[in-house]
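**Student:** Chains V and B, in that order, are what the protein sequence lines are.
Under the numbering used here, the first residue of the first sequence is numbered 80, with each subsequent residue one higher.
Under the numbering used here, the first residue of the second sequence is numbered 1181, with each subsequent residue one higher.
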Amino acid sequence: MAHQNDLNLKATELRLGLPGTDESEDMVSTAKNNKRASPASVNDSGLNSAAKSADNETSSASKAQIVGWPPVRSYRKNNLQPKKADSETGIYVKVSMDGAPYLRKVDLKVYNGYSDLLKALESMFKLSIGEYSEREGYKGSEYAPAYEDKDGDLMLVGDVPWDMFMSSCKRLRIMNGSEAKGLGCAL
Amino acid sequence: MAQSFPEDVLVHVFSFLNCDKDRNAVSLVCKSWYDIERSSRRRIFIGNCYAVSPEILIRRFPDVRAVELKGKPHFADFNLVPEGWGGYVYPWVVSMARAYPWLEEIKLKRMVVTDESLELISKSFKNFKVLVLLSCEGFTTDGLAYIAANCRNLRELDLGESEVEDLSGHWLSHFPDNCTSLVSLNISCLVSEVSFSALERLVARSPNLKTLRLNRAVPLEKLPNLLYCAPQLVELGTGVYFAEIQSDIFSNLAEAFLGCKQLKGLSGFWDVVPAYLPAMYSVCSRITSLNLSYATAQNPDLVHFVSQCSNLQRLWVLDYIEDTGLEALAASCKDLQELRVFPSDPYDAEGNVTLTEQGLVAVSEGCPKLQSVLYFCRQMSNAALVTIARNRPNMIRFRLCIIEPRAPDYLTLEPLDTGFGAIVENCKELRRLSMSGLLTDRVFEYIGTHAKKLEMLSIAFAGNSDLGLHHVLSGCESLRKLEIRDCPFGDKALLANATKLETMRSLWMSSCSVSFGACKLLGQKMPRLNVEVINERGPPDSGPESCPVEKLYVYRTIAGPRVDMPGFVWTMDEHVSSRLSRATE
């Protein structure tokens, strides 16, 4: 089967990249840095040169996502939720408030952090909780948020990092400020 | 002039011909054979719904009982085909309702199906038996209610992985009490609950039910109820495989599975709790098909379960199986023919599972019947690919996705040309190939030289120049479908191989370097091709002719240009220039 080995295309070559870039250079640099985001990765709206240079600087974890890559069907992506090791403990927790006739349930995953959660609780139970301080807890407010942790102990909300709280909180309890004094006192 | 055979005899002989290739050959012999064949053809497969029109179909084949249609190009699965592109089944249903009152089967893939279409189907075909909707969209559970209510002899309802707007779970209750004909029911794609009591009653009154695939909303505690109603099941898709750990749930489940002596296939397993996997141990040795690709179980639970299935022929699983799991698989499942390993976390560049090329090599060594592979991983080497190729010359489908685009051989940092070259050279029966990683024009030279049986090729982020595309188009004699994205292929190879495109079903090229001018030229020169340009950012003539088009879809057709194109699709033919200038007025 006779065909030319070279269609002499370089002269008229239309390129995927921007003018002034050289495809072969890109590939060599990719070969050396196979963990780096591909410099010529393009999504359908087209990366401009600013994004391209930014790509070279950022780590692979935060690289721009390419449309349709890797080729996983959206059906599959939507149906698969990667399981965290501790998600079996449930992110839905009961919330009780002293004196309220019935409990509520909240999904901790929905909140970005403590202030988000507390705002939601304030709105759910129509009360105010006030500012957290490490020394004095929720001093001065009518109500204080507490939670029961994995060991069954009653803890003040806000002492530990949010992620740790999410994985150890079993249920929430909104206590009267007067009762909560014991939890929030400085030593 | 001797008459060869009476017509009756020919009809009888032709009734033994079931495959299209044979029937097509027979119809070319002479005019009378053509006429006899066309009136006796009952099953039709149309791989591209725009290659032919309903009118042409009906004119040639007057008495069809089963139709299979495919719509959108394969890359639609990865969101590369914009919403509203096309693939509407309604015009087909309208025409077939008139012409084929005895139609029994409709199978659709990647098509837009409306409730209107479903209603029309349910009311037009008195003997309707089989409805299969794979990766379809556009309908709601109201449409399903029509099918349930009106199709008296429904045998198969398979919703595949379609996108269904879930309006309520009550559509299932529309199956009349005297409907007892169901053989296969797949509702796994439905999001919300179906009425469990209606489902239970339906299953209980369907003695021929062989396939039942539940949706996620069916709770695990209720699964035994269904298994007791249908111990004859051959294929089961569980609902959610999650429940609080309670011994009575486990024992109920185990006992129910004990009764399922015919079970050969399992799927489902959403939110799987590994503690409940052993409940199925009694059926494992009979299982030939196992889809754990939604099961987020990890080793050792995962590999322990899979290893119980010594007669496994097909396994779909997440990369939680890891290399160690695949090594165990290779040791215990000697009948394995198909393996698909999906990524648990596709967007994490590093990955947190130890699944490498080693796992695939192990399976290729240990499983002599392995012929079909889909494998997502984060590293690959030429050495591994060469080993796999030498181990498995019987490979028919090989689809490898290395998550990082243009990733080289991680050991040598070279392109993976040699590795894929070994695959096409050793696997002489290879029909389907998807490649990834760092690839130069060289790999396409290997493909063009060796892949003579290759029918479908998928390429992404590969090649250096038009030479690559030219090798494929000029060398792959059996090529039917070619899909390309983000490759530096342009006008020359495409135009030089224009006639090749008439021998193929379709060509897709997106984010490549094909110019608007070349598309116009191709469309004008090749009247039996539809050359469609997809440009979402504006008409293709808004820039110079040398400007590359965003996406190009070329397919052979006898139906002429589409009449249902959305605003972002332009067909390239002799009228294109005037059409474009009119559009901007």
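Cβ atoms here follow ideal geometry from the backbone N, Cα and C, with glycine treated the same way.
Do the CB positions of residue 1518 (chain B) and residue 1482 (chain B) come within less than 9 Å of each other?
**Tutor:** Their beta carbons are not under 9 Å apart, which means residue 1518 (chain B) does not touch residue 1482 (chain B) by this criterion.
**Student:** Apart from the five residues just before and just after residue 197 (chain V), which ones in its own chain have a Cβ nearer than 7 Å to its Cβ?
**Tutor:** 208 and 224.
**Student:** Of all the beta strand (DSSP E) runs that stay within the bounds of the stretch 1349 to 1416 of chain B, which reach a length of 3 or more residues?
**Tutor:** For the stretch 1349 to 1416 of chain B, whole beta strand (DSSP E) runs of length 3 or above, ordered along the chain, are 1364 to 1366 and 1391 to 1393.
**Student:** Quickly, what does DSSP pair residue 1306 (chain B) with across the bridge? List them, please.
**Tutor:** Answer is none; residue 1306 (chain B) lacks a bridge partner.
**Student:** Does any residue of chain V bring its CB to less than 9 Å from the CB of residue 1664 (chain B)?
**Tutor:** No, because no Cβ of chain V sits closer than 9 Å to the Cβ of residue 1664 (chain B).
**Student:** What separation, rounded to the nearest whole angstrom, lies between the Cα atoms of residue 1737 (chain B) and residue 1684 (chain B)?
**Tutor:** C-alpha separation (whole angstroms): 10 Å.
**Student:** Is the stretch 180 to 198 of chain V close to the stretch 1669 to 1677 of chain B, with three or more CB pairs under 8 Å?
**Tutor:** As far as the Cβ criterion goes, the stretch 180 to 198 of chain V does not touch the stretch 1669 to 1677 of chain B, which means the pair count is below three.
**Student:** Taking buried to mean at least 16 other C-beta atoms within 10 Å of its own C-beta, is residue 237 (chain V) buried or exposed?
**Tutor:** When all chains shown are included, residue 237 (chain V) counts as buried.
**Student:** For residue 1473 (chain B), write down the residues that DSSP places opposite it in a beta bridge.
**Tutor:** None; residue 1473 (chain B) has no bridge partner.
**Student:** Keeping to the same chain, check which residues put their C-beta closer than 8 Å to that of residue 1590 (chain B); ignore five residues upstream and five downstream.
**Tutor:** The residues are 1559, 1560 and 1561.
**Student:** Within 10 angstroms of its Cβ, does residue 1651 (chain B) collect 16 or more other Cβ (buried), or is it exposed?
**Tutor:** Per the 10 Å Cβ criterion, buried.
**Student:** Cα separation between residue 251 (chain V) and residue 232 (chain V)?
**Tutor:** Cα-Cα distance, rounded: 12 Å.
**Student:** Quick one, are the C-beta atoms of residue 244 (chain V) and residue 171 (chain V) less than 9 Å apart?
**Tutor:** Cβ distance not < 9 Å, so residue 244 (chain V) and residue 171 (chain V) don't count as in contact.
**Student:** On a CA-only basis, which of V:146, V:177, V:157 and V:239 is nearest residue 213 (chain V)? Give me that one, please.
**Tutor:** Minimum Cα distance to residue 213 (chain V) is reached at V:239.
**Student:** Taking Cβ positions, are residue 1724 (chain B) and residue 1760 (chain B) nearer each other than 9 Å?
**Tutor:** Going by C-beta atoms, residue 1724 (chain B) is not nearer than 9 Å to residue 1760 (chain B).
**Student:** Given that residue 1568 (chain B) touches chain V, what residues does it touch there, using C-beta distances under 9 Å?
**Tutor:** Within 9 Å Cβ-Cβ: nothing; residue 1568 (chain B) doesn't reach chain V, min ~20 Å.
**Student:** On the CB-based measure, 16 or more other CB atoms within 10 Å of its CB, does residue 1511 (chain B) come out buried or exposed?
**Tutor:** It counts as exposed.
**Student:** Please determine, among B:1375, B:1345 and B:1371, the residue with the shortest C-alpha to C-alpha distance to residue 1355 (chain B).
**Tutor:** Looking at the Cα atoms, B:1375 is the closest of the given residues.
**Student:** Is the beta carbon of residue 1438 (chain B) closer than 9 Å to that of residue 1470 (chain B)?
**Tutor:** The answer is no: Cβ separation not under 9 Å.
**Student:** Run down chain B in chain order and give the residues with a C-beta less than 9 Å from the C-beta of residue 246 (chain V).
**Tutor:** Simply none; closest approach about 17 Å.
**Student:** Which residue or residues does DSSP assign as beta-bridge partners of residue 1450 (chain B)?
**Tutor:** Answer by DSSP bridge pairing, in chain order: B:1420.
**Student:** Pick helix, strand or coil for residue 1231 (chain B), following the three-state DSSP scheme.
**Tutor:** Coil, per DSSP.
**Student:** If you drop the 5 nearest sequence neighbours on each side, which residues of the same chain put their C-beta closer than 6 Å to that of residue 1362 (chain B)?
**Tutor:** 1386 and 1389, listed in sequence order.
**Student:** Taking only beta-carbon positions, decide if residue 190 (chain V) is within less than 9 Å of chain B.
**Tutor:** For residue 190 (chain V), the answer is no, since every Cβ of chain B falls outside 9 Å of its Cβ.
**Student:** In chain V, what lies closer than 7 Å to residue 1581 (chain B) by C-beta?
**Tutor:** Correct list: 149 and 150.
**Student:** Who does residue 216 (chain V) pair with in a DSSP beta bridge?
**Tutor:** For residue 216 (chain V), which the question treats as bridged, DSSP gives the partners V:212.
**Student:** As a quick exercise: from B:1427, B:1654, B:1211 and B:1369, pick the residue whose alpha carbon is nearest that of residue 1680 (chain B).
**Tutor:** Cα-wise, what sits closest to residue 1680 (chain B) is B:1654.
**Student:** Starting from residue 1276 (chain B), follow the beta strand (DSSP E) in both directions and report where the run begins and ends.
**Tutor:** Where residue 1276 (chain B) is concerned, there is no enclosing beta strand (DSSP E), although the alpha helix (DSSP H) it sits in stretches over 1270 to 1279.
**Student:** Which runs of the beta strand (DSSP E) at least 3 residues long sit entirely within the stretch 1677 to 1704 of chain B? Give them in chain order.
**Tutor:** Within the stretch 1677 to 1704 of chain B, the complete beta strand (DSSP E) runs of at least 3 residues are 1686 to 1690.
**Student:** Taking 9 Å as the threshold (C-beta atoms), are residue 1663 (chain B) and residue 1253 (chain B) in contact?
**Tutor:** Closer than 9 Å, so yes.
**Student:** Is residue 1369 (chain B) close to chain V? Criterion is C-beta to C-beta, closer than 9 Å.
**Tutor:** So, interface residue.
**Student:** Measuring only between beta-carbons, confirm whether residue 134 (chain V) sits less than 9 Å from chain B.
**Tutor:** Residue placement at residue 134 (chain V) cannot be trusted, given a pLDDT of 40 that sits under 50; the coordinates are not used to answer.
**Student:** Kindly give me the distance between the Cβ atoms of residue 1288 (chain B) and residue 1316 (chain B), rounded to whole angstroms, as I take these residues to be in contact under 8 Å.
**Tutor:** With a Cβ gap of about 6 Å, residue 1288 (chain B) and residue 1316 (chain B) count as contacting.
**Student:** What residues from chain V crowd round residue 1479 (chain B), counting only those whose CB sits closer than 8 Å?
**Tutor:** Simply none; closest approach about 13 Å.
**Student:** Taking the alpha carbon of residue 1324 (chain B) as the point to measure from, which residue in B:1273, B:1296 and B:1430 has its own alpha carbon closest?
**Tutor:** Here the closest residue by C-alpha is B:1296.
**Student:** Counting only the same chain and skipping the five closest in sequence on each side, list residues whose C-beta sits under 6 Å from that of residue 1485 (chain B).
**Tutor:** Within the same chain, residue 1485 (chain B) has close Cβ partners 1457.
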